[in-house]
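Protein chains: 2
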Amino acid sequence: MSYQAPIKDMLFVLNELAGLEDIAALPGFEDAQPETVQAVIEESARFNQEVVAPLNVTGDREPSSWRDGAVTTTPGFAAAFRQFVEGGWQGVPHAVDLGGQGLPKVVATPCIEMLNAANLSFALCPLLTDGAIEALMTAGSDTQKALYVPRLISGEWTGTMNLTEPQAGSDLALVRTRAEPQGDGSYKVFGTKIFITYGEHDMAENIVHLVLARTPGAPEGVKGISLFIVPKFLVHEDGSLGARNDVQCVSIEHKLGIKASPTAVLQYGDHGGATGYLIGEENRGLEYMFIMMNSARFAVGVQGIGVADRAYQHAVAYAKERVQSRPVDGSAKQAVAIIHHPDVKRMLSTMRAYTEASRALAYVAASHADRAHASADAAERAQHNAIYEYLVPIHKGWSTEMSIEVASLGVQIHGGMGFIEETGAAQYYRDARILTIYEGTTAIQANDLVGRKTVRDGGAIAKGVLAAVAETERALAARAEAADAGPVFETMRKHLAAGRQGLADVVDFVVAHAKSDPNAVFAGSVPYLKLSGIVLGGWVMARAMLAADAKRAEDPVFHATKIATASFYASHILSQAPGIAASIVETVGGDAWLAQDVEAY
Amino acid sequence: MSYQAPIKDMLFVLNELAGLEDIAALPGFEDAQPETVQAVIEESARFNQEVVAPLNVTGDREPSSWRDGAVTTTPGFAAAFRQFVEGGWQGVPHAVDLGGQGLPKVVATPCIEMLNAANLSFALCPLLTDGAIEALMTAGSDTQKALYVPRLISGEWTGTMNLTEPQAGSDLALVRTRAEPQGDGSYKVFGTKIFITYGEHDMAENIVHLVLARTPGAPEGVKGISLFIVPKFLVHEDGSLGARNDVQCVSIEHKLGIKASPTAVLQYGDHGGATGYLIGEENRGLEYMFIMMNSARFAVGVQGIGVADRAYQHAVAYAKERVQSRPVDGSAKQAVAIIHHPDVKRMLSTMRAYTEASRALAYVAASHADRAHASADAAERAQHNAIYEYLVPIHKGWSTEMSIEVASLGVQIHGGMGFIEETGAAQYYRDARILTIYEGTTAIQANDLVGRKTVRDGGAIAKGVLAAVAETERALAARAEAADAGPVFETMRKHLAAGRQGLADVVDFVVAHAKSDPNAVFAGSVPYLKLSGIVLGGWVMARAMLAADAKRAEDPVFHATKIATASFYASHILSQAPGIAASIVETVGGDAWLAQDVEAY
């Protein structure tokens, strides 16, 4: 199944919802003029459609394999990665003086989406490298930056993120890997790390592992973790490669999906200790790793959008081809393509509405990151940063949860053929399943949303976002009054208002009860996250509806379709918000199910 | 992961909700006394836990394989099937005079659930045989019954169901397989059938294929299809096996899940024609096949319950073992088993609530089938039959849709380990995915629910069931008034009333608009089905809550747990009903999304 990048929708969201023009006016982003951005996106589309997308099925059928410590990636991956490097695609959002293109995150995001839609497994390697670059740029020394970052930005080397150990998954307090200072500024690292994405592979000449470990005498828990650079090959001062470091890939996992992406078990220090270099200060490792993790979390949310869109395109193509049954309205005497059947339309519209809403929310979030980075005013920067940080767990959690549902609908549309592996729909269903788990499960995102992003500021940022939603409601109400409006604006306004009210109630509930009844609040944390995604997704779709309405004359089919999709979103997805809100605020004071002893399970 | 049959819950549902005592009082069901039923269920549990369940993982890792027309099933399957036959398990619900045990469907249903929880792939073989038995008992000649049925009931031979062809899946009007009369009462059958479950295997000495085909000059469409017996080996009058028939298994499918179950492509008549025997009258094949299909549809719904329960048990075991993070309420200073975390409890409770509600609804439906079969009064039989027929598509569609969600939650609870195939959680996620597709997709069930089961009688049966729901609300209200009641009864009553009202509105909408706006009604058909499942699942959980409350003293932990689960169901699942209802009734009069041209997709 070929992939067609949704360039029109991407540009619509960038221009109409994410304020690309304003961002291009910020210092440092002068290159992000509309024509340049369109050219970058079109070129990225071409590369991903032609080079990366065809390898998606190959990766599923011929996964990466391990032998004697070495990993051989899927045939074609290494060559495609060379083209990726040559095209400069790793550098899109990174510093110009270190070899990047210096484009804003809001422009890098569609490129990342296309890469992931083309091939989730392939895209994971650059995704982790991006995180390593951000961590080093923030916390690395000048020497470290100069030595590692340009080669990561070029893509010559790739990065990894080593957090998890067999006993330490979501709970990093349990990390045991240790790092012993050698007196020369370096450390010897010993321990086992698991689930290391692209922890070993044959696509680049070196791999820069960022590794969480404890130094001797470090405090217990997360306050005693430091972050180290442990390169696969040691690096001379001039950047040339030295000896092989004492880190070995002892196996890779046999997984449900993303089979081409090697998930490594890495053994550090079995032969005297792996040489590592401290990043920043001791015991601040988790803080630094969070930079990497936040970058990766945002990107994993984008993975959800990418795989959802790919599954949608696959299902549409099948639904237009497969002829089965006469139409229920008697409009034809013969069997018709199944896309004419209302339930198939409903499923396709659900897939598309989720995908477009989460895309719009992601790009809007990215635009806040860019404003947080480049706005002139410090208070403005702080405000945009807070909004971005509020949106990250919502985007990551919601976009990935919806991607599983969307991929599952994609299988369903194929009927029996969907269950046959050769059809290809099942791969998205398998691949998507990791997205709600890695880089922090949905529950971890929801804990972040509740604790750091809602309770800490008493719900101030959340309420600020909800005020913006209310503004959109007023715009809908104004538009609904016009004689030519039809029912769509009022339908959207009604559901958006009900959803916003429900979400506001939940924010109040979370703030009020987090201390007094933490079990009740955290039992509702994932529903709170999903509710936020549904309501804020509704908000951006409402804005899209208004913008498409204003531009209707320009490209009638595209804009009418956008309005139809937004209208579907309102009636079929946003309409679920009040029920979810009710279920959250009802959980209080030792609910029977929450209070009961775990032995009863 | 071992399987523990939920015997206590099964007996609770049979006795408290499905009226086992009343059914045992009906003529022909005298053997279904409580002690006998308990003994049957316990023995079935033992067999499935010890013999069938351990083969589940084996089947996934060593699927059935094809070579030169022959299928070799997973190692251990044939031997286990011999034990299944020896135990007489195929015969549980079938006629005593033909070798069965003559137990009511309400007793056979838990046995089928356990077989499926133990091993979906294995259970499919008997599932199809059951359908063949029912079709032959209803439409076969006396000679055919005498020749085939006893050997199917014993399990010596197995049955299959041959509907699908490459161009004819959901739409059987497109069937092309043809049958030519030979003048001696037999036919020669020619054609290709696909997706034939256990269409070829090595577990029984003969396979009785029931095949849809067209005779010469038959009308077009579904009114020109006849049903034929085409045995793999021809059968002499004394029941001994004759020559190999001209039906060949040319390949089996490479599937996402249920890999041990061979899904065959069968080629009929490549060497002169496969000998077939007409069942009943010509051109009434679809009607007869529907007997088989209804039996299989009910059983597939039960498959959903089985795999959901297995996934739940797997997740609970992991959640009790896996230690990660401190409790959010500060009740411990150390990391605890993750089952103590509120979000893990929420996920487990969701899994359990769905499973128990769909189990209760299934057994209640089965009890109506038994009353339809054996009640003394003809009007009563007709009434119970209509209720059963109304519940079948709801049960099939809802139990299977929920099983995918439950299996997905099971993966999520395992975190990263859930994505590793060796853990086993992923198998349920893959296996369950077929259940909403085969024996009629959820959309096909929903069409049945709308057309034959709601519109045809003007919503009379649906309204009758809703009147019973209202009765339960009154009982909840009465119980809620007592001083010792606590909030659970009123919470349940409130959500049940809102759900019932929403469902009633939808039934009115469906009846009112099916003719005038079929596209709108059928666009809401799957949501209508899911809404029905959620509300009727809530109804049986409400009844369970009241029954458990009345019996609280007898087994306090079990009954308190049941009340807690019902309470969770009310707040977290039933609470979604009004939003779904709203989304259905809002789709009217050429909604933008529904009206738009398919080229816009």
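Same order as they appear, the protein sequences are chains A and B.
According to full-length UniProt numbering, the first sequence is numbered sequentially starting from 1.
According to full-length UniProt numbering, the second sequence is numbered sequentially starting from 1.
For each residue, glycine too, the CB sits at the ideal point set by N, CA and C.
Small disclaimer: the values here were computed from a predicted structure and weren't measured.
Of the listed residues the options, nearest to residue i (C-alpha basis)
| i | options | result |
| --- | --- | --- |
| Val-107 (chain A) | A:Leu-503, A:Lys-320, A:Val-302 and A:Gly-416 | A:Val-302 |
| Gly-131 (chain B) | B:Ala-296, B:Phe-509 and B:Val-588 | B:Ala-296 |
| Ser-516 (chain A) | B:Asp-329, B:Asn-15 and B:Glu-62 | B:Asp-329 |
| Ser-251 (chain B) | B:Lys-145, B:Arg-244, B:Tyr-268 and B:Gly-69 | B:Gly-69 |
| Ala-376 (chain A) | A:Leu-26, A:Leu-20 and A:Leu-14 | A:Leu-26 |
| Val-189 (chain B) | B:Ala-374, B:Phe-228, B:Tyr-569 and B:Ser-399 | B:Phe-228 |
| Gly-440 (chain B) | A:His-414, A:Gly-100, A:Val-52 and A:Arg-430 | A:His-414 |
| residue 619 (chain A) | A:Thr-263, A:Glu-281, A:Tyr-277 and A:Gln-248 | Past the edges of chain A, shown from 1 to 601, lies residue 619 (chain A), and the structure says nothing about it. |
| Ser-240 (chain B) | B:Val-230, B:Glu-205 and B:Gln-267 | B:Glu-205 |
| Met-289 (chain B) | B:Lys-453, B:Ile-534, B:Thr-138 and B:Ala-118 | B:Thr-138 |
| Gln-101 (chain A) | A:Ala-32, A:Cys-125, A:Arg-244 and A:Lys-494 | A:Ala-32 |
| Val-208 (chain A) | A:Phe-233, A:Pro-54 and A:Ile-225 | A:Phe-233 |
| Pro-126 (chain B) | B:Val-51, B:Leu-115 and B:Leu-136 | B:Leu-115 |
| Val-406 (chain A) | A:Ala-24, A:Gly-306 and A:Leu-278 | A:Gly-306 |
Residue i vs residue j beta-carbon contact at 9 Å
| i | j | result |
| --- | --- | --- |
| Ser-44 (chain A) | His-201 (chain A) | no |
| Lys-530 (chain B) | Glu-401 (chain B) | yes |
| Ser-583 (chain A) | Ser-575 (chain B) | yes |
| Ala-213 (chain B) | Gly-285 (chain B) | yes |
| Gln-90 (chain B) | Gly-155 (chain B) | yes |
| Lys-462 (chain B) | Val-507 (chain B) | For the sequence presented, residue 462 (chain B) should be read as Ala rather than Lys. Yes, the pair counts as a contact, with Cβ atoms nearer than the cut-off. |
| Thr-158 (chain A) | Tyr-187 (chain A) | no |
| Trp-398 (chain A) | Leu-361 (chain A) | yes |
| Gly-304 (chain B) | Ser-358 (chain B) | yes |
| His-384 (chain B) | Pro-104 (chain B) | no |
| Gln-49 (chain B) | Ser-2 (chain B) | yes |
Short CB-CB distance (under 9 Å) between residue i and chain A
| i | result |
| --- | --- |
| Thr-305 (chain B) | The sequence shown places Ile at residue 305 (chain B), not Thr. Chain A, which has no Cβ nearer than 9 Å to the Cβ of Ile-305 (chain B), makes this no. |
| Trp-398 (chain B) | no |
| Arg-452 (chain B) | no |
| Phe-419 (chain B) | yes |
| Ala-577 (chain B) | yes |
| Leu-174 (chain B) | yes |
| Trp-66 (chain B) | no |
| Leu-496 (chain B) | no |
| Tyr-3 (chain B) | no |
| Ala-308 (chain B) | no |
Proximity test, Cβ basis, 9 Å: residue i and chain B
| i | result |
| --- | --- |
| Trp-539 (chain A) | no |
| Gly-415 (chain A) | yes |
| Gln-345 (chain A) | For the sequence presented, residue 345 (chain A) should be read as Lys rather than Gln. True, the Cβ-Cβ gap to chain B drops below 9 Å. |
| Ser-525 (chain A) | yes |
| residue 604 (chain A) | The structure shown has nothing for residue 604 (chain A), since chain A only spans 1 to 601. |
| His-572 (chain A) | yes |
| Asn-56 (chain A) | no |
| Asp-171 (chain A) | yes |
Below 8 Å, can you find three or more Cβ-Cβ pairs linking the region 462-480 of chain A to the region 492-503 of chain A?
In this structure the region 462-480 of chain A lies against the region 492-503 of chain A, because at least three pairs of beta carbons, one per stretch, are closer than 8 Å.
What residue ranges within the region 472-547 of chain B form continuous alpha helix (DSSP H) runs of no fewer than 4 residues, ordered along the chain?
488-513 and 518-523
Which ranges would you report for the alpha helix (DSSP H) in the region 392-461 of chain B if only whole runs of at least 4 residues count?
With a minimum length of 4 residues, the unbroken runs of alpha helix (DSSP H) contained wholly in the region 392-461 of chain B fall at 425-432 and 442-450.
Contact the region 178-196 of chain A vs the region 161-168 of chain A: 3+ CB pairs below 8 Å:
yes
Do the region 33-51 of chain B and the region 109-124 of chain B make contact, defined as three or more Cβ pairs closer than 8 Å?
yes
With a threshold of 8 Å, are at least 3 pairs of Cβ atoms found where one atom belongs to the region 171-184 of chain A and the other to the region 135-143 of chain A?
no
4-residue-minimum alpha helix (DSSP H) runs that sit fully inside the region 70-148 of chain B, ordered along the chain:
77-86, 105-118 and 120-139
With contact counted as at least three CB pairs below 8 Å, one residue from each stretch, are the region 418-437 of chain B and the region 414-426 of chain A in contact?
yes
Measuring CB atoms only, is the region 378-395 of chain A touching the region 447-466 of chain A, in the sense that at least three cross pairs come out at less than 8 Å?
yes
Stretch-stretch touch, CB-based, cutoff 8 Å, three pairs: the region 122-138 of chain B with the region 81-96 of chain B:
yes
Three Cβ pairs or more, each shorter than 8 Å: is that satisfied between the region 553-571 of chain B and the region 529-543 of chain B?
yes
Using 8 Å as the threshold, is the region 550-560 of chain A in touch with the region 483-497 of chain A, meaning 3 or more CB pairs across them?
no
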